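Numbering (full-length UniProt numbering), first residue to last: 1 to 192.
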């Protein structure tokens, strides 16, 4: 049986990582992709809670130094995230270059900035049946519920064509979610 951090780094196509109920504290980063025919699944009940204790509002996102993300999928395409909770982190769930990711029935709350961010060309994603409340607790202007793409001021880090073109996160579906109360910025922000 792996601890959660080890399970994320050891994941291979077709694996299911089942979170037992409890509090999981650490930096949760997934970098291994699944495949179209064998996605990787991270699942747990709402009582399985991820948070990053290194939450520090002064940390930078660009070009490196990411800490404080409840769950970070970095190039980890073809993942299914179901049922668990992310809270008390700088950002909730961040996808960078992660395509074909489905977030279903996840709860994200009490977040310093945005709750769920599809960025760095994270395309063909779905977030559905999820609950997002109390965002922007540290940075209200950046407390989006669901953020698709990146502002042009961030293209250097997350855009395409060497930072000269928009963050091309296309074909993302936002379906049947509860967003709010307590979302400090846009409920859904689509930026190109």
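We put the beta carbon where it would ideally sit given N, CA and C, even for glycine. All values reported here derive from a predicted model rather than from experimental measurement.
Kindly give me the distance between the Cβ atoms of residue i and residue j, rounded to whole angstroms, as I take these residues to be in contact under 8 angstroms.
i: residue 103; j: residue 179; result: The Cβ separation is near 13 angstroms, so there is no contact.
i: residue 126; j: residue 74; result: Incorrect: roughly 19 angstroms between the Cβ atoms, too far for contact.
i: residue 95; j: residue 28; result: So it is not a contact: roughly 13 angstroms between Cβ atoms.
i: residue 137; j: residue 167; result: Residue 137 to residue 167, Cβ: 24 angstroms. No contact.
Report the rounded CA-to-CA distance for residue i versus residue j, giving the unit in angstroms.
i: residue 67; j: residue 78; result: 23 angstroms
i: residue 34; j: residue 93; result: 18 angstroms
i: residue 193; j: residue 140; result: This structure gives no information on residue 193, because the portion of the chain shown stretches from 1 to 192.
i: residue 143; j: residue 112; result: 7 angstroms
i: residue 90; j: residue 97; result: 20 angstroms
i: residue 193; j: residue 145; result: Since the displayed the chain opens at 1 and closes at 192, residue 193 lies outside it and no answer follows.
i: residue 30; j: residue 76; result: 6 angstroms
i: residue 192; j: residue 10; result: 34 angstroms
i: residue 38; j: residue 32; result: 12 angstroms
i: residue 188; j: residue 148; result: 8 angstroms
i: residue 69; j: residue 8; result: 14 angstroms
i: residue 23; j: residue 50; result: 6 angstroms
i: residue 150; j: residue 100; result: 18 angstroms
i: residue 5; j: residue 14; result: 18 angstroms
i: residue 169; j: residue 190; result: 9 angstroms
i: residue 123; j: residue 36; result: 14 angstroms
Let me know if residue i comes out buried or exposed under the rule of 16 or more other beta-carbons within 10 Å of its beta-carbon.
i: residue 171; result: exposed
i: residue 181; result: exposed
i: residue 12; result: exposed
i: residue 184; result: buried
i: residue 87; result: buried
If you drop the 5 nearest sequence neighbours on each side, which residues of the same chain put their C-beta closer than 8 angstroms to that of residue i?
i: residue 21; result: 44, 45, 47 and 48
Considering only residues of the same chain and omitting the five flanking positions on each side of residue i, which have a CB-CB separation below 7 angstroms?
i: residue 16; result: 41 and 43
Quick one: residues in its chain with C-beta nearer than 6 angstroms to the C-beta of residue i, no 5 flanking neighbours on either side, listed in chain order?
i: residue 129; result: 104, 105 and 176
i: residue 134; result: 109, 110 and 182
i: residue 53; result: 25
i: residue 107; result: 46, 85 and 131
i: residue 117; result: 94 and 147
i: residue 186; result: 144
(request) Answer yes if the region 80 to 93 comes into contact with the region 36 to 52, meaning at least three C-beta pairs across the two stretches below 8 angstroms, and no otherwise. (result) yes
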